[in-house]
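Chains as they are written, first to last, in the working numbering: chain R, 1 to 419; chain X, 420 to 838. All C-beta atoms in this analysis are idealised placements derived from N, C-alpha and C, irrespective of residue type, glycine included. Notes for the one structure printed next.
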């Protein structure tokens with residue numbers, strides 16, 4: 001009997017990782033573990049605003065009052081009081097749905113994966129913005145997804161370029177209308193209506209990802225696509241349940257704490273039922289304990305009060321970053337001015353290459369994510385994503401100063417070596 | 420512009436749920452929500468032994484000492500002190516690996532899903548025992564898996580029938596050697612060696628699922644397949660890392676609490692790295708907070724002490740169930756006598772059908788899972804799975820009494836209706 005040579009079996013046997021790209025963000029985050037690096041690369045919320053006391057009290061209450069239930073298996077759909085709370089919370093932002101339209105997931109990242117698994121057959125096309133959220137591309141790469149894209153401008157997705165792509169028959173359209181990651185842009189109301197109208201006409205479901213929608217520092221809340229879509233199908237009541245063409249993703253990662261891993265999907269009940277089946281196979285259910293703790297922490301109006309506090313902190317940091325960019329970046333650079341969220345998007349003049357620039361930046365102890373990471377079909381080499389939520393104002397000022405130096409050197413005409 | 424008719428889009432667009440079967444267990448659990456039903460159907464641990472005080476203290480410590488880290492995003496691989504603790508814990512059971520061989524997952528259900536996603540191309544065959552764990556079939560059904568099976572007997576997987584199936588080229592072999600779910604059987608040492616030898620010969624990776632291995636009430640711990648496999652490849656040291664042909668699944672769901680959703684995979688480092696990539700896309704990482712709480716609760720020897728307590732409680736309940744079966748089941752019934760775990764397996768005489776019996780049983784307020792649920796290629800109609808961990812001894816006695824009546828009526832010759 002021959003002995004089994006173990007090492008190479010995974011390369012012979014793995015079905016899918018050849019088609020999976022490693023996360024550029026994760027690789028970068030490894031380099032930014034150096035405490036001297038000022039990192040604008042991650043998408044981390046400010047730990048200074050984590051509601052530690054509230055979570056502490058919530059844990060005690062859950063264990064004292066419902067300890068056995070909190071530690072036991074529970075239903076795949078999610079903890080009902082939490083789903084009810086999320087419905088009440090969303091209603092204040094114009095989204096009228098019932099708990100039967102809500103599935104609790106392991107962050108919205110899991111929702112992206114479950115939806116990909118539900119919807120995508122190998123070779124199917126998904127229509128995204130360009131740039132788009134990197135985590136969505138990671139979630140779907142294992143399903144052999146092909147992409148169609150529509151570019152962004154400062155008013156969000158270019159709806160004038162949408163129809164040609166919809167005609168190509170994408171399985172669904174993935175979009176982040178508010179405080180785009182990575183673009184920092186917000187889609188205008190007019191474009192939102194046009195988008196829903198076109199998607200309805202072509203029968204293309206919309207996947208609306210809205211992790212930052214509540215984190216608006218200036219301007220007024222705009223109706224979500226799920227709300228606009230619902231207007232096409234009449235009011236939602238108990239007799240007329242939500243049954244539109246939009247799936248909507250929310251998360252507590254940016255408004256309470258990412259370490260609890262609580263996100264959710266809103267969708268017509270028939271869609272939720274299928275996603276529940278898939279989630280059963282994927283992880284049975286999201287942790288009972290964290291769902292109950294999140295509910296107890298968020299209830300009684302705390303979530304709304306806490307969101308106001310986060311808006312103040314992030315709004316100040318955005319202001320600091322905008323001022324620092326104005327001061328330190330060389331002429332010819334453009335950046336978005338986000339009205340909320342965690343990110344802004346810098347575009348350098350013709351000829352710049354942020355895939356190269358990032359090495360110099362890391363040497364100078366400042367980090368960002370190169371724009372090319374966010375383009376499923378290529379592009380973005382002149383751009384970079386900057387996060388302004390994680391670092392405090394002093395670090396933002398210093399980091400942008402370093403970045404300005406690196407960019408200026410990168411753009412300066414190279415001295416030609418005389419042979 | 421035509422109006423978009425929303426309701427049927429999911430049926431037109433869904434790629435995968437046609438091929439997914441709903442969970443028989445989950446559907447049954449809905450019926451068993453009736454508090455009068457004595458349910459042997461679920462796989463729930465006894466809530467009476469959940470370590471509430473320990474979890475309470477762990478939460479306080481985590482929030483007080485590492486609150487900001489606990490609520491923040493963290494690495495996909497999992498919390499390093501937890502992975503180190505799991506390595507120390509597994510070493511006491513003969514498994515010598517390093518944290519680089521361990522990925523923390525959302526229960527072992529997520530590990531099953533990630534491995535399926537890594538390994539299975541549409542149409543690939545997976546070799547399982549018959550019967551096998553239903554959740555594994557659910558996890559892999561979305562990947563268009565085909566199955567090969569090898570029957571169980573009271574000594575575990577029939578290794579004399581294994582080679583013919585290995586020759587058919589399965590992608591991997593999935594097996595539960597200890598206190599089988601649903602079979603309640605434990606594989607003998609001789610068969611374990613034979614299995615590893617054959618799998619090595621055919622170059623077939625083994626996926627060893629061991630959720631209950633520590634919950635042994637009687638007899639001696641037997642070496643895991645991962646340990647036996649390691650003997651084929653020399654000792655594991657820092658110079659010779661673990662690199663065998665076995666992936667091993669563990670969980671804290673049965674030894675600490677399922678509501679935390681903490682499981683893990685052990686595998687060669689190259690496999691772990693690929694699984695990390697897939698988990699990034701699936702949910703970024705398992706909740707930082709529950710990982711830290713699990714670590715704080717389990718550390719300092721608590722996990723070992725607590726496992727002893729669980730063994731006592733479950734051992735008593737098994738004894739009560741065995742005695743009640745002896746007393747209440749009619750002649751001709753056979754059942755396994757598990758040396759540990761949560762389940763035993765009852766087989767009724769020729770002609771019985773537990774798919775039909777379950778309806779009568781639910782009317783008589785007792786529940787089980789029909790055997791056919793656990794057979795990927797059909798079979799098991801004469802069998803049922805009974806859980807003995809969840810109900811207290813009084814309920815076990817009463818539930819088996821009800822079950823005995825239902826079985827006796829089911830087996831009695833039917834009165835022929837005169838037309």
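**Study point:** Cβ contact check for the stretch 630-644 of chain X and the stretch 588-605 of chain X: 3 or more pairs under 8 angstroms
**Key:** yes
Practice item. Just the chain X side, please: which residues come within less than 9 angstroms of residue 141/R by C-beta, in chain order? Key: 700
Point to revise | the stretch 98-113 of chain R: positions lying closer than 7 angstroms to chain X by Cβ | key: 106, 107, 109, 110, 113
Review point. What's the call for residue 282/R, buried or exposed, on a 16-neighbour Cβ count within 10 Å?
Key: buried
**Study point:** Residue span of the alpha helix (DSSP H) that contains residue 502/X, given as start and end
**Key:** 499-510
Check your understanding: Contact check, residue 295/R vs residue 85/R under 8 angstroms by CB: the rounded distance?
Key -> 6 angstroms
Exercise for review: Pull out every residue of the stretch 659-681 of chain X whose Cβ sits closer than 7 angstroms to any Cβ of chain R, in chain order.
Suggested key: 662, 663, 664, 676, 677, 678, 679, 680
Point to revise | Endpoints, the alpha helix (DSSP H) within which residue 740/X is located | key: 721-747
Check your understanding: How would you list, in chain order, the residues of chain X whose beta-carbon sits under 8 angstroms from the beta-carbon of residue 131/R?
Key -> Correct list: empty, because the minimum Cβ distance to chain X is about 18 angstroms.
Review point. In chain R, what lies closer than 7 angstroms to residue 779/X by C-beta?
Key: What residue 779/X touches in chain R: nothing, since even the nearest Cβ is about 26 angstroms away.
Check your understanding: Can you give the Cα-Cα distance for residue 238/R and residue 89/R, rounded to whole angstroms?
Key -> The predicted position of residue 238/R is uncertain, since its pLDDT is 47 and thus under 50; a value taken from the coordinates is nonetheless stated next. Approximately 18 angstroms, taken between the alpha carbons.
**Study point:** Residue range of the unbroken beta strand (DSSP E) whose run includes residue 554/X
**Key:** Careful: residue 554/X lies outside any beta strand (DSSP E), inside the alpha helix (DSSP H) at 553-560.
**Study point:** Interface flag, residue 589/X vs chain R, CB-CB below 8 angstroms
**Key:** no
Review point. Nearest to residue 491/X by alpha carbon, out of 261/R, 280/R, 385/R, 405/R?
Key: 261/R
**Study point:** 4 or more residues per run - each alpha helix (DSSP H) lying fully within the stretch 354-385 of chain R
**Key:** 354-363
Review point. Using a beta-carbon distance cut-off of less than 9 angstroms, what residues from the stretch 65-93 of chain R approach chain X?
Key: 67, 68, 69, 70, 71, 72, 73, 74, 75, 76
Exercise for review: Enumerate in chain order the residues of its own chain whose CB-to-CB distance from residue 143/R is below 6 angstroms, with the five nearest sequence positions on each side excluded.
Suggested key: 116, 120
Review point. Just the Cα atoms here: how many angstroms apart are residue 405/R and residue 32/R?
Key: 19 angstroms
Review point. Within this structure, are the beta carbons of residue 644/X and residue 616/X separated by less than 8 angstroms?
Key: no
**Study point:** Straight-line gap, residue 392/R to residue 190/R (C-alpha atoms, nearest Å)
**Key:** 36 angstroms
Practice item. Note down, in chain order, each residue of its chain lying with its Cβ closer than 6 angstroms to the Cβ of residue 762/X, except the 5 sequence neighbours on either side. Key: 600, 601, 603, 804, 806
Exercise for review: Identify whether residue 516/X lies in helix, strand or coil by the three-state DSSP scheme.
Suggested key: coil
Practice item. Select from 158/R, 231/R, 351/R, 274/R the residue whose C-alpha is nearest the C-alpha of residue 176/R. Key: 158/R
Check your understanding: By DSSP, does residue 615/X sit in helix, in strand, or in coil?
Key -> helix
Review point. Three-state secondary structure (DSSP) at residue 425/R?
Key: Outside the shown range of chain R, which is 1 to 419, sits residue 425/R, and nothing can be said about it.
Check your understanding: Is it buried or exposed for residue 285/R, if we count other Cβ within 10 angstroms and need 16 for buried?
Key -> buried
Practice item. Go to residue 283/R, then tell me how far its alpha helix (DSSP H) extends in each direction, as first and last residue. Key: 269-283
Exercise for review: Output, in sequence order along the chain, the residues in the stretch 27-59 of chain R whose CB is closer than 7 angstroms to any CB in chain X.
Suggested key: 44, 47, 50, 52, 55, 56, 59
**Study point:** Cβ shell of residue 640/X (< 6 angstroms), same chain only, five flanking positions each side left out
**Key:** none
Review point. What is the rounded straight-line gap between the Cα of residue 161/R and the Cα of residue 150/R?
Key: 6 angstroms
Exercise for review: Can you check the stretch 556-595 of chain X for any beta strand (DSSP E) of at least 3 residues that lies completely inside it and give the ranges in chain order?
Suggested key: 565-572, 592-594
Practice item. Taking only beta carbons into account, state which residues of the stretch 160-189 of chain R come closer than 7 angstroms to chain X, listed in chain order. Key: 171
Check your understanding: Any residues in the stretch 341-360 of chain R with a beta carbon nearer than 8 angstroms to a beta carbon of chain X? Which ones, in chain order?
Key -> none
Practice item. Counting only the same chain and skipping the five closest in sequence on each side, list residues whose C-beta sits under 7 angstroms from that of residue 424/R. Key: Here chain R comprises residues numbered 1 to 419, so residue 424/R is not present and cannot be evaluated.
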